[in-house]
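Residue numbers (my numbering): 5 to 129.
Structure, as structure tokens:
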Amino acid sequence: MEDKNEPSTTWNITGSQDFIAGSQQNFIQNNVHNTGFKPEDVAQLAELIRRNGDLLELPETQRDELIQDAEILEDEATSTSPDESKIRAIGRRIKELLVSAPADSMVQQMLLSAFDQGVGSMLSS
Numbered sequence: 005m006e007d008k009n010e011p012s013t014t015w016n017i018t019g020s021q022d023f024i025a026g027s028q029q030n031f032i033q034n035n036v037h038n039t040g041f042k043p044e045d046v047a048q049l050a051e052l053i054r055r056n057g058d059l060l061e062l063p064e065t066q067r068d069e070l071i072q073d074a075e076i077l078e079d080e081a082t083s084t085s086p087d088e089s090k091i092r093a094i095g096r097r098i099k100e101l102l103v104s105a106p107a108d109s110m111v112q113q114m115l116l117s118a119f120d121q122g123v124g125s126m127l128s129s
């Protein structure tokens, strides 16, 4: 016979990331969906690329493409309704250009680090 005083277990887990499930009583977990970027981080990345793109020793056409893509990324990320698929596509192009720089330099590492902070987590989505 079921004990009426025994609490029942109800699981409502939808769209969760890194959740914990088990047999704990009175378990509460709040999950926050993170889109993978903050507009201020994207703006900082774009500014760093504008200021330091020349130091990557990329051919002129690739350097111009990198700077233009950074500006497009910033505009999209700070728009009233950012298109995440567009941000991912532009982010992939930027990452390819940063990685393809001929000299492994401190500037390249700084920009890659800023990229990872700005939009890198979106690329794995």
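Just so you know, even glycine gets a beta-carbon here, dropped at the ideal spot from N, CA and C.
Local Cβ density within 10 Å of residue i, reported as buried at 16 or more and exposed below that
i, result
"residue 78", "buried"
"residue 81", "buried"
"residue 46", "buried"
Close beta carbons around residue i, own chain, < 8 angstroms, minus the five adjacent residues each side
i, result
"residue 95", "77, 119, 123, 124, 126, 127"
"residue 66", "101, 104"
"residue 117", "none"
"residue 50", "74, 75, 77, 78"
"residue 97", "69, 73"
"residue 90", "80"
Contacting residues, own chain, Cβ-Cβ under 7 angstroms from residue i (five flanking each side not counted)
i, result
"residue 53", "70, 71, 74, 115"
"residue 43", "81, 82"
Chain-order list of residues whose beta-carbon lies under 6 angstroms from that of residue i (same chain, five-residue window excluded)
i, result
"residue 107", "61"
"residue 86", "80"
Would you call the stretch 107-114 in contact with the stretch 48-59, where contact means no fewer than 3 C-beta pairs closer than 8 angstroms?
Short answer: they touch.
Curious, which full-length beta strand (DSSP E) runs of at least 3 residues does the stretch 54-112 contain? Fully enclosed beta strand (DSSP E) runs of 3 or longer: not present.
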